[in-house]
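Engineer: What follows is a structure written as structure tokens; I'll ask about it next.
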Amino acid sequence: MLLSTHSLTGAVVGKTFNNVWIIIILSIVLHYIIDVFRHGEYLNRNSKLNEFWKVAVDIIIGLAILGIIIYFSDLSQIKTRNVLIGTFFSMFPDLLTFLYWKLNFNFLKKSFDLHAWVHRYPPFSKGRDWNLKNAANDIILSLIAIALLLL
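Numbering (my numbering), first residue to last: 114 to 264.
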């Protein structure tokens, strides 16, 4: 799933709940749940550093959408904080995967294995190709999250 999709769904969790610990746990769990759905991947373990601009663009798009929604909404300071906590922790499993892949933090292997397990489609399969069919779930989930954030 795109990081922007994860960030938007985590923001919905942050907007919906008041308890920070519930927000953190649900955002992480939701990350794994939505990663089960078919989706394209623009990076993999063989990606080079010069390809990580894609991650930056993805994060910027998600944060820009969130920034616009927060700016034009009447969220309290605490709700805004909760939205940002949900946003961060919804992307946290991907950060752990990156740290395991690129920095060889072996203590993160179990986290990586769980993340790999929830992805039903193996690396380099058609289910992970970067195309419109695989992006449909990202688009639908992102639009639902945006709608829920605007309510």
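Ideal placement from N, C-alpha and C gives every residue a C-beta, glycine not left out.
Output the distance between the C-alpha atoms of ASN250 and LYS239, rounded to the nearest integer angstrom.
Structural biologist: The residue given as residue 250 occupies position 137 in the sequence shown. The residue given as residue 239 occupies position 126 in the sequence shown. Those two C-alpha atoms are separated by around 15 angstroms.
Engineer: Straight-line CA distance for ASN217 to VAL170?
Structural biologist: As a working mapping, residue 217 is identified with position 104 in the sequence shown. As a working mapping, residue 170 is identified with position 57 in the sequence shown. Roughly 25 angstroms between the two C-alpha positions.
Engineer: Cβ of ARG151 within 8 angstroms of Cβ of ASN247?
Structural biologist: Against the sequence shown, residue 151 aligns to sequence position 38. Against the sequence shown, residue 247 aligns to sequence position 134. Taking 8 angstroms as the Cβ cut-off, ARG151 and ASN247 qualify as a contacting pair.
Engineer: Under 7 angstroms Cβ to Cβ from LEU254, same chain only, skipping five residues before and after it: list those, please.
Structural biologist: Taking the first residue of the sequence shown as position 1, residue 254 is located at position 141. If we look at LEU254 and ignore the five residues flanking it on each side, its Cβ neighbours are THR118, THR122, ILE147.
Engineer: Quick one: Cα of VAL149 to Cα of LEU139, how far?
Structural biologist: What you label residue 149 is simply residue 36 of the sequence shown in a count that begins at 1. What you label residue 139 is simply residue 26 of the sequence shown in a count that begins at 1. Spanning the two alpha carbons is a distance of roughly 16 angstroms.
Engineer: When we look at the beta-carbon of SER189 and count the other beta-carbons within 10 Å, is it buried (16 or more) or exposed?
Structural biologist: Start at 1 with the first residue of the sequence shown, and residue 189 comes out as number 76. Exposed, by the Cβ-count rule.
Engineer: State the DSSP-derived secondary structure class of ASN132, mapped to helix, strand or coil.
Structural biologist: For the purposes of this step, residue 132 is taken as residue 19 along the sequence shown, with counting starting at 1. Of the three classes helix, strand and coil, the one that applies to ASN132 here is coil, per DSSP.
Engineer: At 4 residues or longer, what runs of the alpha helix (DSSP H) sit wholly inside the region 192-255?
Structural biologist: Entirely contained in the region 192-255, the alpha helix (DSSP H) runs reaching 4 residues are, in chain order, 222-231.
Engineer: Can you tell me whether GLY199 is buried or exposed, with buried defined as 16 or more other CB within 10 angstroms of its CB?
Structural biologist: Numbered from 1 along the sequence shown, position 86 holds the residue referred to as residue 199. Result: buried.
Engineer: What is the residue span of the alpha helix (DSSP H) that VAL149 lies within?
Structural biologist: For the purposes of this step, residue 149 is identified with residue 36 of the sequence shown, where counting begins at 1. First-last for VAL149: undefined, no H or E at that position.
Engineer: Taking all protein chains shown into account, decide if ILE137 is buried (16 or more other Cβ within 10 angstroms of its Cβ) or exposed.
Structural biologist: Counting from 1 along the sequence shown, the entry for residue 137 is found at position 24. By the 10 Å Cβ count, ILE137 comes out buried.
Engineer: Could you give the residue range of the alpha helix (DSSP H) that holds LEU179?
Structural biologist: Here residue 179 corresponds to residue number 66 of the sequence shown, with the count starting at 1. Start and end: 166-185.
Engineer: Classify SER120 as helix, strand or coil using the three-state DSSP reduction.
Structural biologist: The residue given as residue 120 occupies position 7 in the sequence shown. Helix at SER120.
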